[in-house]
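Chains as they are written, first to last, in the numbering used here: chain S, 1 to 171; chain B, 172 to 342.
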DNA sequence: AGTACATGATTAACATGTTAAGTTTCGACG
DNA sequence: CGTCGAAACTTAACATGTTAATCATGTACT
């Protein structure tokens, strides 16, 4: 953003070497981050209009798909760490978008469910959200998108198979 | 982490519906996030051992590849937002890993470069980092990895082409 | 029962993401 | 030369990421 100077600038700092950071374009984490950002840039404004962050939206969607769910399980499904989840749940509960109880058989476990208000909010946001997703799918190609999903899954598998507590190397 | 219970658990909350959130696995942002996390899980411990965060490492790498670079340009290359970059630069400068001056022709522009100490740190971390990358490349397949990179780039292009200030729809 | 350890969840502390507002410096223009 | 708007950062404020520590409850074992 903001190249007041034209490309032919001869200041000397960035042209003084090969190409400024070809390395980075080849960094896998960076490539994934950039791609994700490009996608999220489409969604964020929509969520923001409804006072939701990306993570809050993930949680509401997750809760909407089940009858009830425990905190740990929600963390796994929504791919959030415990501390983040705790803070967000506190907020969502305050806003009346979700409800929480405790498992009678195990008082440590919190049981969560979405509220009517939460469901109404989802119904309000979903159309725009799905429209954006449809647009992406159309522009990129549904076939290609499916292939990408597959490759990402496989990457996840070949790298860190999310070690079970048993087959862990050390520690 | 920590499933003491075996897979056949019949607690009831999560089995009470179809499948807990098949939707999410199909969410593109989620898939990208999960893949990236799987990859980063391999790198974070290494960086951490040297007192570096992922972003600090990105900045050092970027600075190491050029003679000097301005703040805005660094933000673009390292894919960081201005505010984050400001904070990190302050810290890295305090630690003596980078140096900063000001462009004599334009006092608004800060000019950054890596210090000898910063270069030594990079030389120290790079081997482990590259070993991890090689491992990933081997396990996933170099060919496939290249294909993934290509698809991610194309996704970035087809979705939000990083609008230049001119061809912006509205606002 | 009593102790020791594991588990579920929250809190703490620090770093970054994200948007808005503020500061300083440029550049153009009257 | 003054001022007005844009540009380059920086600060501010709030939300999340990340790791470690804390708390309460469960479980197993003696």
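Backbone N, C-alpha and C fix where the C-beta goes; we use that ideal spot for every residue, glycine too.
Output the boundary residues of the beta strand (DSSP E) element that contains residue i.
i	result
residue 284/B	281-285
residue 99/S	98-102
Starting from residue i, trace the alpha helix (DSSP H) in both directions and tell me its first and last residue.
i	result
residue 178/S	Since the first residue of chain S shown is 1 and the last is 171, residue 178/S is not available in this structure.
Taking CB distances under 8 Å as the criterion, tell me whether residue i reaches chain B.
i	result
residue 52/S	no
residue 159/S	yes
residue 136/S	yes
residue 131/S	no
residue 151/S	yes
residue 48/S	no
residue 104/S	no
residue 36/S	yes
residue 116/S	no
residue 33/S	yes
residue 119/S	no
residue 62/S	yes
May I ask you to list the residues that DSSP assigns as paired with residue i?
i	result
residue 69/S	112/S
Let me know the secondary structure DSSP gives residue i once reduced to three states.
i	result
residue 222/B	coil
residue 290/B	helix
residue 276/B	coil
residue 158/S	helix
residue 203/S	Outside the shown range of chain S (1 to 171) lies residue 203/S, about which nothing can therefore be said.
residue 214/B	helix
residue 192/B	Caution applies to residue 192/B, whose pLDDT of 39 falls short of 50 and renders its modelled position unreliable; the value that the coordinates give is listed next. Residue state, collapsed to three classes: coil.
Does chain S have any CB closer than 8 Å to the CB of residue i?
i	result
residue 210/B	yes
residue 200/B	yes
residue 272/B	no
residue 296/B	no
residue 215/B	no
residue 319/B	yes
residue 252/B	no
residue 326/B	yes
residue 314/B	no
residue 310/B	yes
residue 242/B	no
residue 177/B	Per-residue confidence for residue 177/B stands at a pLDDT of 38, beneath the threshold of 50, marking its modelled position as unreliable; the derived number appears in the next sentence. No, residue 177/B lies away from the interface with chain S (no Cβ there is under 8 Å from its Cβ).
Stretch pair the region 100-113 of chain S + the region 121-130 of chain S: three plus CB contacts closer than 8 Å: Result no; under three Cβ-Cβ pairs closer than 8 Å.
The region 152-159 of chain S touching the region 207-219 of chain B, judged by at least three CB pairs closer than 8 Å: They touch, by the three-pair rule.
Segment contact flag, the region 218-236 of chain B with the region 96-105 of chain S, C-beta cutoff 8 Å, min 3 pairs: A contact is defined here as three or more CB-CB pairs under 8 Å, and the region 218-236 of chain B fails this definition with respect to the region 96-105 of chain S.
Stretch-stretch touch, CB-based, cutoff 8 Å, three pairs: the region 64-81 of chain S with the region 28-35 of chain S: Taking a cut-off of 8 Å for Cβ pairs, the region 64-81 of chain S and the region 28-35 of chain S do not touch, as fewer than three such pairs fall below it.
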